[in-house]
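Each position in the sequence shown, counted from 1, maps to that position plus 1028 in the numbering used here.
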Amino acid sequence: MSANVLLIGVGPHARLNHLPALAQAQDSGLAGTVTGIDLPHVAARPLTYGTPDRPRTLPIVAVTPFPASQQQLPAAVRAVLDDVADREAITAAVVATEPSLHLPYTLWALGRGLSVLLDKPLTVRPAASTDPAAAAAIATDYQTLHHAYRQARQQYPGLAVSVLSQRRWHPAITRARELIAEVAEQTNCPITSIQSSHADGQWRMPDELLSQPYHGFDRGYGKAAHSGYHLFDTMPWLLAAAERPGKELDEVELHALAARPADTLAQLTVLDHERLIPGLAARNHLPQAELQRRTADFGEVDVFVHLALRSGGRTLTLGSINLAHHTFSQRHTLDPSPTDLYKGNGRVGQESHIIQQGPFQALHIHALQSLHAPDPAIDPTEIGGADHVAVHVFRNNRLRPDWRRHTTLRFADLVRDDLAPTQRAARTQAVTEFLAYLAGRIPRTSLRSDLATHYRPAQLMAGTYLSLAHRHTGTGQGDETLDFRPRAAQSGAAEPMAVVCR
């Protein structure tokens, strides 16, 4: 049976990713109707999605805005959603709003017995980067969601919440997990160090720090909430592949350092920008000092997190998660693209994971773009191409002659079951899996990103923001210690224990 879907949030991300996947699902019979929910100015503009030969119009129902501080939907918004859900016989919701609104919309959906495909991050709170209480609430929000999920499943056993953190479906990450698990099985060695980094070249002009809300910093959070959750999720997903009896990770200590907009304005000043970008001097009327004053409590542009992961008080893994907006970009114009704030304006993604498994194995996973849109002169799968990805495998073949000293897995080597090793293919697979479960085509155990498996990523994100907020307010040095005990893989498991921070 196909699911009638409510797409809550029809912004640039949903248009580029969710709607094409939902159109494909409609064509295959996995999805029935799709109805959008967004603010009045979005709902007033007709939106066509699908393919050129099969275009379709998305009906969008308007709701009034409400403060992100509200953890339950206002009565007027709830009434609109209830009416749409009844009229369209909605059975599933895709929550793709601004992340500080994820919690109330997801709680509403669970209360109605709707399955949810939840965008990353799970939640975030305004001022999470500058207020310790807001940062700590990220961890309690996970507990609230998990509790509501368990309660909903008691009444609606087939209900599911899947988190769209697409690297869990990415063939390069899947292959890396297999390689890690193989060596752990043969040697009993965990991952001993891991370095993960993500850069996306989001270059904001000085005045845009105040005027551009999309992926902005004025709400008191930034890169860690924009795309950082991908690495907060990927790191424990990889670590778990090497956990063995007696070597389960139970605690993480972390320390985060950030560059905020006032810092990036010191790296590249207003005068520097005016020399480089014609027309900026005429458009920007605020001097350097005033911009730095107004952005003093803004969220992080770049954040580097250092970690020690322990078992029974002993450090098994040292790690780092490095997240940066202020990196290599292809932006060169004064005015941003009004139609593509998500991937336009010169944003270029570069990601890497360097994993050491004691003296036995090293993995280097790299995705290095130099452009986002295809260029006929460049092989998209090679370094610099829009779809570049490679996994380098190094093994101690002196110890084990049956191992190969070095293997490189490129794009073609990583394709599996017709799934290409690209982020867009992984996102589509996440949507397809969610709807296939609802249609009864796959069992619950096949869900790769059930909400119940996101305790550790939520802890890492909460801890990162706690560290930043404590440093920002001078209420601590930013050294945070958090519970990291493994959770059962299914949502029927016991409630997660409260976050432990000190």
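Glycine is no exception: its CB is placed at the ideal position from the N, C-alpha and C atoms.
Where A1448 falls: helix, strand or coil (DSSP) | coil
Check the DSSP bridge columns for N1350 and list the partner residues they point to.
-> S1225 and F1332
In this structure, what does DSSP give as the bridge partners for T1262?
-> Per DSSP, none; premise fails for T1262.
Comparing alpha-carbon positions, which option in R1513, T1509 and D1363 lies nearest V1164?
-> Residue identity check: residue 1164 is Ala in the sequence provided, not Val. Minimum Cα distance to A1164 is reached at T1509.
Close-in-space but distant-in-sequence residues of the same chain around V1089 (CB under 6 Å, 5 per side omitted) = I1065 and V1112
Based on the DSSP secondary-structure assignment, which residues constitute the bridge partners of R1082?
-> T1079
Coil, strand or helix - H1283 by DSSP = strand
The alpha helix (DSSP H) spanning R1303 covers which residue range?
-> V1298 to L1304
For S1348, the nearest candidate out of V1122, H1420 and P1264 (CA to CA) = P1264
Confirm, please, whether the CB-CB distance from H1301 to P1234 is below 8 Å.
-> yes
Do the segment 1279–1295 and the segment 1325–1335 make contact, defined as three or more Cβ pairs closer than 8 Å?
-> yes
Where P1040 and K1251 are concerned, what is the direct C-alpha to C-alpha distance, given to the nearest angstrom?
-> 17 Å
Rank A1051, A1287 and R1433 by C-alpha distance to the C-alpha of T1085 and give the top, closest one.
-> A1051
Tell me whether G1037 is buried or exposed, calling it buried when 16 or more other Cβ atoms sit within 10 Å of its Cβ.
-> buried
Take every Cβ of the segment 1412–1426, pair it with every Cβ of the segment 1388–1399, and state whether three or more of those distances are shorter than 8 Å.
-> yes
Find the nearest neighbour of A1467 within the set N1045, V1091, Q1054 and R1043, judged by alpha-carbon distance.
-> Q1054
Residue interval of the alpha helix (DSSP H) (run including D1111) | A1103 to R1115
Reduced DSSP secondary structure (H/G/I, E/B, other) of F1462 = helix
For A1212, which option in Y1184, E1271, V1191 and S1193 has the closest C-alpha, if you only look at C-alpha atoms?
-> E1271
Which residues share a DSSP beta bridge with F1422?
-> A1390 and H1434
Please go through the same chain and pick out, in chain order, the residues whose beta-carbon is closer than 7 Å to the beta-carbon of L1463, but skip the five residues on each side of it.
-> A1031, A1053, L1058 and A1059
May I ask you to list the residues that DSSP assigns as paired with R1338?
-> E1279 and T1343
Could you tell me how far apart the beta carbons of Y1257 and P1083 are, in whole angstroms, since I believe they sit closer than 8 Å?
-> About 33 Å; that fails the 8 Å criterion.
Just how far apart, CA to CA, sit M1525 and G1491?
-> Because M1525 carries a pLDDT of 40, less than 50, the predicted location of this residue cannot be relied on, and the following value inherits that uncertainty. Taking the straight line joining both Cα atoms gives about 15 Å.
Hey, which unbroken runs of the beta strand (DSSP E) at 3 residues or more fall wholly within the segment 1129–1210?
-> 1143–1147 and 1189–1192
Contacting residues, own chain, Cβ-Cβ under 6 Å from P1514 (five flanking each side not counted) = E1276
Measure the C-alpha to C-alpha separation of A1516 and A1049 and round it to an integer number of angstroms.
-> Note that A1516 scores 41 on pLDDT, short of 50, meaning its location in the model is unreliable and no value can be drawn from it.
Would M1489 be called buried (16 or more neighbouring beta carbons within 10 Å of its own) or exposed?
-> buried
I think L1207 touches L1391, with their Cβ atoms under 8 Å apart; what is that distance to the nearest whole Å?
-> 6 Å
Leaving out five residues on either side along the sequence, give the residues of the same chain with a beta carbon under 7 Å from the beta carbon of R1530.
-> Note on R1530: pLDDT 49, under 50, position unreliable in the model; no value is reported.
Within 10 angstroms of its Cβ, does N1216 collect 16 or more other Cβ (buried), or is it exposed?
-> exposed
Buried or exposed by the 16-neighbour rule on C-beta atoms within 10 Å, applied to L1304 = exposed
Rounded separation between P1074 and V1033 - CA only = 18 Å
Since I believe P1132 is in contact with Q1099 (beta carbons under 8 Å), could you give me their beta-carbon distance rounded to a whole number of angstroms?
-> 6 Å
Using the rule of at least 16 other Cβ atoms within 10 Å of the residue's Cβ for burial, across every protein chain shown, is S1097 buried or exposed?
-> exposed
Does the Cβ of S1056 have 16 or more other Cβ atoms within 10 Å, making it buried, or fewer, making it exposed?
-> exposed
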